[in-house]
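Undergrad: Below you'll find the structure I mean.
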Amino acid sequence: MQKITISRDELICHKKYFYENVVDNLNQMKEKYKKGATTSRKQWKFLSLCLYYKKQLAIGKPYQLRKIQKIIGKNYADIFEKDEKFKEEVEKAFGYDNFSSADIGCNLLEYAKKKSKVCRNGRYDDKKILKELYTELEKCNVELADEIQTKIKNLNGDINKKVLVNIIGETLVVHIVDKDILIDKLAEWNPYIMQFHRKIRTCPYCNRQYITPMYSRTGRARADLDHFYPKSKYPYFSMSIYNLIPSCKSCNSSLKGMKEFSFEDRTPYEISIDDSAEFKFFPHSKIQFCKKEEDKDIDKYKEIFNIEELYEFHRSYAKDLLRKRLKYPTKRIKELAKMGFFSEQELYKFIIGKISTKEKILEEPLNKFKRDLVREIFGEEILKMVEE
Ligand SMILES: [Zn+2]
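The structure is reproduced here in structure tokens:
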């Protein structure tokens, strides 16, 4: 498990989204429970507590979430136990499902609606919204606005919301990956934009799968957002940005699934387990992920994500590396270097291949595994020579 970070921009966007959506919902819900019977008093107090800690629930660091959990555990431990309906309402108020199903085309439309402020008899004027959208798009990307405009012109008829969303969605997606300014300016905060910002290329739990987001005409894909503390049990942390770990599908659903981390376990926003454990290869036994120092988090992580079993699939890399070392011992490399065509460093790079630096582990799959094995088989000094 590799440590990941959140940028200041992300925190600002997420807090804004949380305040504009979740806080409004919670306020409405609190109002409802205030008017209710005396039995809802505790629920009303619970909602007040959530609102009091709104900033921490939105962007609080893991230690702040733990503090809130302590208070809730002490005073409201059974708040959801007897009342499934209340739990469902809280889940809905935090609105993770809405957040995670966001569509960038729809987001743009909402943005244009807000900007255009044109609303007659409770209905928005699609053409005026569209005009507003052109203006905004033109500010960012003329080519894109033209493309949408041409499509609209060819429609010859009614423009309804569905058509509009399709056109915007279809046209936009072709350009969105490299148009950071467009994303920042127009689309509302959602998991795609979060991941375009984050720029993590592989899963921080396993470092085996790519999780790069893609939003295109023909399809879309993004990393799962794993709730480190499960949303089914702690719905009030379902929208906490430090509880959302971008991860691959197999780590989030298949491996972690119903297994849980506890509030004592540290999250990938706090530690790199990779720093205190390393992969080891033994020719006659399985790949092992061994502790370099005593750290209780390692066992839990290994167990939840089946790390050793999964890395056993990459055993051939280790065997191949060992074979290369036996064929090219230090003495042989020195002899070859003396011939004057290549330096020792170049020769090692040819033989071992590209090895990333520690800082770039999440850029490519298996980087941590490769670094550990090169260190084990060739030694630290040669690892330093080949890393980039
Ligand atoms: Zn993974």
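Going by this note's numbering, the sequence shown opens with residue 60, and the numbers climb by one from there.
For glycine and all other residues, C-beta sits at the position ideal for the given N, C-alpha and C.
(1) When you compare the segment 379-397 with the segment 292-302, are there three or more beta-carbon pairs, one atom per stretch, that lie closer than 8 Å?
(2) With DSSP collapsed to three states, give me the class of THR194.
(3) For LEU442, which residues in the same chain have their Cβ closer than 8 Å to its Cβ, ignoring the five residues on either side in sequence?
(4) Spatial neighbours of TYR92 within its chain, please: C-beta separation below 7 Å, excluding the five flanking residues on both sides.
(5) Note down the Cα distance separating ASP354 from THR261, rounded to an integer number of angstroms.
(6) Assess, as a yes-or-no matter, whether the segment 331-339 is touched by the segment 305-313 under the definition of 3 or more beta carbon pairs within less than 8 Å.
(7) Taking only heavy atoms of ligand 1 into account, decide whether any of them is closer than 7 Å to the Cβ of GLN268.
(8) Taking HIS343 as part of the beta strand (DSSP E), name the residues at either end of that continuous run.
(9) Which of the three DSSP states is assigned to ASP285 in this structure?
(10) Tell me the DSSP secondary structure of ARG260 in three-state form.
(11) Measuring only the C-alpha atoms, how far is ARG374 from GLN404?
(12) Just to confirm before moving on: does the CB-CB distance between TYR328 and ILE346 stay below 8 Å?
(13) For ILE63, which option in PHE437, PHE428, LYS417 has the closest C-alpha, if you only look at C-alpha atoms?
(14) Between CYS307 and the rest of its own chain, which residues show a CB-CB distance below 6 Å, the 5 nearest in sequence each way excluded?
(15) Would you check whether ligand 1 has a heavy atom nearer than 7 Å to the C-beta of SER454?
(16) Whose C-alpha, out of ILE330, SER402, TYR112, ASP285, is nearest the C-alpha of LYS126?
(17) Less than 8 Å between the CB atoms is what I'm expecting for ILE420 and ASN266, so what's the real figure, rounded?
(18) Taking the alpha carbon of LYS133 as the point to measure from, which residue in LEU108, PHE153, LYS151 has its own alpha carbon closest?
(19) With DSSP as the reference, please indicate the residues paired to ILE304 in a beta bridge.
(20) Buried or exposed for LEU385, going by 16 or more other Cβ atoms inside 10 Å?
(21) Taking just the CA atoms, how far does LYS258 sit from ILE242?
(22) Is the number of C-beta pairs between the segment 69-79 and the segment 142-150 that are closer than 8 Å three or more?
(23) For a minimum of 3 consecutive residues, which ranges assigned as the beta strand (DSSP E) are wholly contained in the segment 339-381?
(24) Tell whether a beta-carbon distance below 8 Å holds between PRO250 and ALA161.
(25) Tell me which same chain residues have a C-beta within less than 8 Å of the C-beta of MET88, skipping the five on either side of it?
(26) From what residue to what residue does the alpha helix (DSSP H) around SER107 run?
(27) Is the beta carbon of TYR475 sitting closer than 8 Å to the one on ILE410?
TA: Quick answer:
(1) Flag = no, the segment 379-397 and the segment 292-302 do not touch.
(2) The DSSP-derived three-state label of THR194 is helix.
(3) Closer than 8 Å at Cβ, skipping near neighbours: ILE414, ARG430, VAL433, ARG434.
(4) Counting only residues of its own chain and dropping the five nearest sequence neighbours on each side, TYR92 has a CB closer than 7 Å to the CB of SER99, GLN102, TRP103, LEU106.
(5) Each residue's alpha carbon lies about 24 Å from the other.
(6) Fewer than three Cβ pairs drawn from the segment 305-313 and the segment 331-339 lie within less than 8 Å of each other, which leaves the two stretches out of contact.
(7) Checking the Cβ of GLN268 against ligand 1 gives yes.
(8) In this chain, HIS343 is not harboured by any beta strand (DSSP E), its DSSP state being neither H nor E.
(9) Here ASP285 sits in strand by DSSP.
(10) Look at ARG260 here: in three-state DSSP terms it is coil, with no helix or strand label.
(11) Cα to Cα, ARG374 sits roughly 26 Å from GLN404.
(12) It is not a contact, given that the beta carbons lie outside the stated cut-off.
(13) Nearest neighbour of ILE63 by Cα position, chosen from PHE437, PHE428, LYS417, turns out to be LYS417.
(14) Within its own chain, the residues whose Cβ lies closer than 6 Å to the Cβ of CYS307, once the five positions on either side in sequence are excluded, are CYS262, GLN268, ILE270, listed in chain order.
(15) Examination of residue 454 is not possible in this model, given that the chain is present from 60 through 447 alone.
(16) Among ILE330, SER402, TYR112, ASP285, the Cα nearest to that of LYS126 is on TYR112.
(17) Right, the Cβ-Cβ distance comes to about 6 Å (below 8 Å), so this counts as a contact.
(18) Sorting LEU108, PHE153, LYS151 by C-alpha distance to the C-alpha of LYS133 places LEU108 at the top.
(19) According to the DSSP secondary-structure assignment, ILE304 is paired through a beta bridge with ASP285.
(20) Exposed: under 16 other Cβ atoms inside 10 Å.
(21) A caution first: ILE242 carries a pLDDT of 48, below 50, which makes its placement in the model unreliable, though a value can still be read off. One C-alpha to the other measures close to 14 Å.
(22) Taking a contact to require three or more Cβ pairs closer than 8 Å, the segment 69-79 and the segment 142-150 do not qualify as touching.
(23) List check, beta strand (DSSP E) in window: 347-350.
(24) Contact: yes.
(25) If we look at MET88 and ignore the five residues flanking it on each side, its Cβ neighbours are LEU106, GLU148, VAL149, ALA152.
(26) Taken as a continuous stretch (DSSP letters only), the alpha helix (DSSP H) holding SER107 covers 100-111.
(27) Lying before the first or after the last residue shown, residue 475 is absent from the chain, which here runs from 60 to 447.
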